[in-house]
Amino acid sequence: MRAFLRQALLVVAFGLGSYAFGWWAVPVIGGLWGLINPTGRHAALRAGMAAAASWAILLLVPAITGAPLASFAAQLAGAMQVPAWALVVVELAFPLAVAWSAAALGAAVRGGAGGGSTP
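Numbering-wise (this note's numbering), the sequence shown opens with residue 0 and increments by one.
Below is the structure:
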């Protein structure tokens, strides 16, 4: 239960940070998570998954409230000549990768093994 609450708080932190400050909040929060929790099991992966989950929520809220997100995604996908689902995948893979790498770096700076090992 405690691990679930920590993960939920991390999702909220990424969501609020991204909403308030844009994508720049993702590496900052991820790096802080790595510094705070350097030896946690899969700390970097947890940070990445939390960032992706928060961005998924940020995408779903406008879609639920009636914003024309689907038509915009279809127009953007057509302009980029990619399928619409690919935009969603990239939209979720980006925060995952950025938060994971920032948390791994934060853990490495602190000397833990949260994201990888150092020689």
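Beta carbons are placed, not taken as given, at the ideal position from N, Cα and C, and that holds for glycine.
Model, not experiment: these values are computed from the prediction.
State the start and end residues of the unbroken alpha helix (DSSP H) segment that holds residue i.
i, result
"V108", "83-109"
"R5", "1-20"
"R45", "42-64"
"W32", "24-35"
"G77", "68-79"
Assuming residue i contacts residue j (C-beta within less than 8 Å), just tell me the rounded distance between them.
i, j, result
"G29", "A98", "4 Å"
"W32", "A46", "5 Å"
"A43", "V10", "The pair is not a contact, with the Cβ atoms about 15 Å apart (cut-off 8 Å)."
"A76", "L68", "Contact flag wrong, Cβ pair sits at about 12 Å."
Is residue i buried or exposed, if buried means 16 or more other CB atoms sit within 10 Å of its CB?
i, result
"R1", "exposed"
"A52", "buried"
"L4", "exposed"
"W54", "buried"
"A12", "buried"
"G21", "exposed"
Leaving out the 5 sequence neighbours to the left and right, which residues in its chain are closer than 6 Å to residue i when beta-carbon positions are compared?
i, result
"P26", "V97, A101"
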